[in-house]
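Scroll down for the structure; my scribbles are underneath it.
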């Protein structure tokens, strides 16, 4: 039975063009190691795992567990109103997540670059301030 559930999860991944365990875990919001253990058959899939798939990807929970019924539930109200299917919405969300990951890396690199410039300026500033302080001390001594 566990193998059948995993086969159905793999069908879900195929349907949504999710090729890697890490992307699947990211989409459904569980740790990659946990999802990998389920998919490799090292651990029995938890109810939480199956419910996440159901909630996030609009998959029929009965189908996931037993194989009865249709894989996909009826389109959500949001999908009906927007004219875009749940599958398309999910794929768009997946693309947005990937774009955010790329943006996050870009901004991280930019921040590191700016931090390096700030550190360089601070290392230059200290000797300059020390020199000014020494000059001021000399002026104070002359005034006495």
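In the working numbering, the protein residues as written are 31 to 174.
Here a beta-carbon is modelled for each residue, glycine too, at the ideal position from N, C-alpha and C.
Nearest-angstrom Cβ-Cβ length linking residue 39 and residue 69, presumed shorter than 8 angstroms: In the chain shown, residue 39 corresponds to position 9, counting from 1. In the chain shown, residue 69 corresponds to position 39, counting from 1. Yes, they are in contact, since the Cβ atoms of residue 39 and residue 69 sit about 7 angstroms apart, within 8 angstroms.
Residue(s) in a DSSP beta bridge with residue 102: For the purposes of this step, residue 102 is taken as the residue at position 72 of the chain shown. In the DSSP output, where bridge partners are listed per residue, residue 102 has 89.
For the structure I just gave you, are there three or more beta carbon pairs, one from the region 70-77 and one from the region 131-150, closer than 8 angstroms? no
Just checking, does the region 88-102 make contact with the region 54-63 on the three C-beta pairs under 8 angstroms criterion? no
Alpha carbon to alpha carbon, what distance is there between residue 134 and residue 33? Here the question's residue 33 lines up with position 3 in the chain shown. Here the question's residue 134 lines up with position 104 in the chain shown. C-alpha separation (whole angstroms): 37 angstroms.
With a cut-off of 8 angstroms on the beta carbons, I'd call residue 57 and residue 86 a contact; round off their distance for me. As a first step, residue 57 is located in the chain shown; it is residue number 27 there, counting from the start. As a first step, residue 86 is located in the chain shown; it is residue number 56 there, counting from the start. Right, their Cβ atoms sit about 6 angstroms apart.
Start-to-end residues for the alpha helix (DSSP H) that takes in residue 56: Numbered from its first residue, the chain shown carries residue 56 at position 26. Unbroken alpha helix (DSSP H) run through residue 56: 51-58.
Going by DSSP, what residue range makes up the alpha helix (DSSP H) through residue 47? Within the chain shown, the letter at position 17 stands for residue 47. No alpha helix (DSSP H) contains residue 47, which DSSP labels as neither H nor E.
Quick check: the Cα distance between residue 129 and residue 122, rounded to an integer number of angstroms? Numbered from 1 along the chain shown, position 99 holds the residue referred to as residue 129. Numbered from 1 along the chain shown, position 92 holds the residue referred to as residue 122. Approximately 10 angstroms, taken between the alpha carbons.
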